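Visitor:
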Amino acid sequence: MIRKLNLKGCNCYLIVDSGKTYLVDTGTPGNLKRAKKSIRNLDGIILTHAHYDHAGSAFEISEHFSCEVYSHVAEHPYLEGREEFRFSGFVGRMIKRLESLRPMKWIQAEDIEKLRLREFDVVHVPGHTPGSIMLLKGNEAIVGDLIRLRKKRFMAGEYVVRPSSRNFNWNQSEYVKSLGRLGNLAPLKVHPGHGVSITLERDFMERLGVWRK
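Just so you know, we're using full-length UniProt numbering here: the sequence shown kicks off at 1 and counts up by one.
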């Protein structure tokens, strides 16, 4: 089961694996009240990456439900406040301003490998951040910010499939490699961190070609 929740900041999903319920991403700080309306019990939180708009409410939600937070180990320095992401451009400056107004609380996360999910595969897709992951189950994937969808009547129905902006990517060459891994899995129903879920067709890699230059 993959169910999208109405939380602020990014798309957050509830998944069930071997009878246990996990929240994938938590949005920006202040989402606990919204989360409590949709979640009765929670066995853990999984973060696709440590950016503010995905991990901002991890501390408060994990405290309320008394559950662990899991991420790739490469994200731990950022979740613990030992390192910080650097964004460029005007939007990057706006993000830093937002973070200063409502900072996220640092957390101690567990290694996602310790979780040993049975129904979902955890796939490391570095580039957007060092430890970005996607969760794969059959022909569906929760991909975080590996791609995003923007409303427009072009390409894939009413939405345009777009890569994450270079201004927000930790390593562009690694990011392009991770895009390739995703494209090789098509056709695949993708649940992104921003925008609507969509099914990627076989020609997806051809569309990605213009973004690799």
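All C-beta atoms, glycine included, are put in the ideal place defined by N, C-alpha and C. All values reported here derive from a predicted model rather than from experimental measurement.
1. Which ranges would you report for the alpha helix (DSSP H) in the region 120–206 if only whole runs of at least 4 residues count?
2. Under the assumption that valine 143 contacts valine 190 (Cβ atoms under 8 angstroms), give the Cβ distance between them as a whole number of angstroms.
3. If you compare alpha carbons, which of Tyr70, His72, His54 and His128 is closest to arginine 166?
4. Which of the three DSSP states is assigned to serine 71 in this structure?
5. If you check the beta carbons only, do leucine 47 and alanine 55 fall under 8 angstroms apart?
6. Take the Cβ of aspartate 111 as the centre, count every other Cβ of all protein chains shown within 10 Å, and call the residue buried at 16 or more, exposed below.
7. By Cβ distance below 7 angstroms, which residues in the same chain neighbour proline 192 in space, the five residues on each side in sequence not counted?
8. Apart from the five residues just before and just after phenylalanine 87, which ones in its own chain have a Cβ nearer than 8 angstroms to its Cβ?
9. In whole angstroms, what separates the C-alpha of leucine 182 from that of phenylalanine 120?
10. Where leucine 135 and asparagine 171 are concerned, what is the direct C-alpha to C-alpha distance, given to the nearest angstrom?
11. Tell me which residue opens and which closes the alpha helix (DSSP H) that residue 229 is part of.
12. Go ahead and label serine 132 buried or exposed: buried means 16 or more other beta carbons lie within 10 angstroms of its beta carbon, across all protein chains shown.
13. Could you check which residue in Thr26, Gly81, Arg3 and Val123 has the C-alpha nearest to that of valine 69?
14. Return helix, strand or coil for leucine 42, following the three-state DSSP convention.
15. On a Cα-Cα basis, can you pick out the residue from Ser62, Met104 and Leu14 that is closest to glycine 81?
16. Can leucine 42 and threonine 21 be called in contact, C-beta distance under 8 angstroms?
17. With burial defined as no fewer than 16 other Cβ atoms inside 10 Å of the residue's Cβ, what is the status of glutamate 63: buried or exposed?
18. Give the straight-line distance between the Cα atoms of arginine 118 and cysteine 67, rounded to the nearest whole angstrom.
19. Between which two residues does the alpha helix (DSSP H) harbouring leucine 79 extend?
20. Given a cut-off of 8 angstroms, decide if alanine 186 and glutamate 174 are closer than it, judged by their beta-carbon atoms.
21. Would you say glycine 19 and leucine 115 are within 8 angstroms of each other, going by their C-beta atoms?
Guide: Looking at the coordinates:
1. 172–183
2. Taking the sequence shown and counting its residues from 1, one reaches residue 143 at position 143. Taking the sequence shown and counting its residues from 1, one reaches residue 190 at position 190. About 6 angstroms separates the two Cβ atoms, so the contact holds.
3. Walking along the sequence shown from the start, residue 166 turns up at place 166. Out of Tyr70, His72, His54 and His128, His128 has the C-alpha closest to the C-alpha of arginine 166.
4. Position 71 of the sequence shown holds residue 71. In this structure, serine 71 counts as strand in the three-state DSSP scheme.
5. Locating residue 47 in the sequence shown gives position 47, where the first residue counts as 1. Locating residue 55 in the sequence shown gives position 55, where the first residue counts as 1. Their beta carbons are under 8 angstroms apart, which means leucine 47 touches alanine 55 by this criterion.
6. On the sequence shown, position 111 is the one that residue 111 refers to. Looking at its Cβ environment, which holds fewer than 16 other Cβ atoms inside 10 Å, aspartate 111 is exposed.
7. In the sequence shown, the residue the question calls residue 192 occupies position 192. Only Asn11, Val143, Ile147, Arg148 and Leu149 meet the Cβ criterion.
8. The residue you call residue 87 lines up with position 87 of the sequence shown. Hits under 8 angstroms: Arg93, Ile95, Lys96, Asn167 and Phe168.
9. Residue mapping note: residue 182 aligns to position 182 of the sequence shown, counting from 1. Residue mapping note: residue 120 aligns to position 120 of the sequence shown, counting from 1. Using only the alpha carbons, I get a separation of about 15 angstroms.
10. The sequence position of residue 135 within the sequence shown is 135, counting from 1. The sequence position of residue 171 within the sequence shown is 171, counting from 1. Near 21 angstroms, if we compare the C-alpha coordinates of asparagine 171 and leucine 135.
11. Nothing can be reported for residue 229, as the shown portion of the chain is limited to 1 through 213.
12. The sequence position of residue 132 within the sequence shown is 132, counting from 1. With 16 or more other Cβ atoms within 10 Å, it is buried.
13. Reading the sequence shown from its first residue, position 69 is the one you call residue 69. Answer by Cα proximity: Thr26.
14. Position 42 of the sequence shown, counted from the first residue, corresponds to residue 42. Three-state result, leucine 42: coil.
15. For the purposes of this step, residue 81 is taken as residue 81 along the sequence shown, with counting starting at 1. Nearest C-alpha to glycine 81: Met104.
16. Locating residue 42 in the sequence shown gives position 42, where the first residue counts as 1. Locating residue 21 in the sequence shown gives position 21, where the first residue counts as 1. Taking 8 angstroms as the Cβ cut-off, leucine 42 and threonine 21 qualify as a contacting pair.
17. Locating residue 63 in the sequence shown gives position 63, counting from the first residue. Counting Cβ neighbours within 10 Å, glutamate 63 comes out exposed, since fewer than 16 surround it.
18. What you label residue 118 is simply residue 118 of the sequence shown in a count that begins at 1. What you label residue 67 is simply residue 67 of the sequence shown in a count that begins at 1. C-alpha separation (whole angstroms): 19 angstroms.
19. Here residue 79 corresponds to residue number 79 of the sequence shown, with the count starting at 1. Leucine 79 -> alpha helix (DSSP H) spans 76–79.
20. Position 174 of the sequence shown, counting from 1, holds the residue named residue 174. Position 186 of the sequence shown, counting from 1, holds the residue named residue 186. Against a cut-off of 8 angstroms, the Cβ pair of alanine 186 and glutamate 174 comes out as no contact.
21. Position 19 of the sequence shown, counted from the start, is the residue given in the question as residue 19. Position 115 of the sequence shown, counted from the start, is the residue given in the question as residue 115. Result no, Cβ atoms of glycine 19 and leucine 115 do not sit closer than 8 angstroms.
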